[in-house]
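Presented below is the structure to which this report refers.
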Amino acid sequence: MTLLSGAFTKISPCSEQEEYEKEGIEWQHVEFFDNKMICDLIEEKHKGLIAFMDEECLRPGEPNDTTLLAKLKFKA
Numbered sequence: 001m002t003l004l005s006g007a008f009t010k011i012s013p014c015s016e017q018e019e020y021e022k023e024g025i026e027w028q029h030v031e032f033f034d035n036k037m038i039c040d041l042i043e044e045k046h047k048g049l050i051a052f053m054d055e056e057c058l059r060p061g062e063p064n065d066t067t068l069l070a071k072l073k074f075k076a
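Residue numbers (my numbering): 1 to 76.
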């Protein structure tokens, strides 16, 4: 996971809840969604959405949303 928000979501709630347990602080457990899959979908090298957008912007011609969607449909 490379997105800062993904790391923050994973580390902060876990570490805070662990700290509360160690210190005996009353608290209510907070469930949170691990967004690693979403971060990977956006940022994974050579397969993520950002990689596809970069590739599309570098190709000759007039890249636009239609050509990007066609590329994404082809890769799926």
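Each residue gets a CB set at the ideal place from its N, CA and C atoms; glycine is no exception.
Quick one: complete alpha helix (DSSP H) runs, 4+ long, within the stretch 45–72?
-> 49–58
Just the C-alpha distance for His29 and Gln17, rounded to the nearest angstrom, thanks.
-> Numbered from its first residue, the sequence shown carries residue 29 at position 29. Numbered from its first residue, the sequence shown carries residue 17 at position 17. Rounded to the nearest angstrom, the two C-alpha atoms are 7 angstroms apart.
Is it true that the CB of Met53 sits closer than 8 angstroms to the CB of Leu69?
-> Position 69 of the sequence shown, counting from 1, holds the residue named residue 69. Position 53 of the sequence shown, counting from 1, holds the residue named residue 53. It is not a contact, given that the beta carbons lie outside the stated cut-off.
Identify whether Phe32 lies in helix, strand or coil by the three-state DSSP scheme.
-> The residue given as residue 32 occupies position 32 in the sequence shown. Assigned with DSSP and collapsed to three states, Phe32 falls in coil, not helix or strand.
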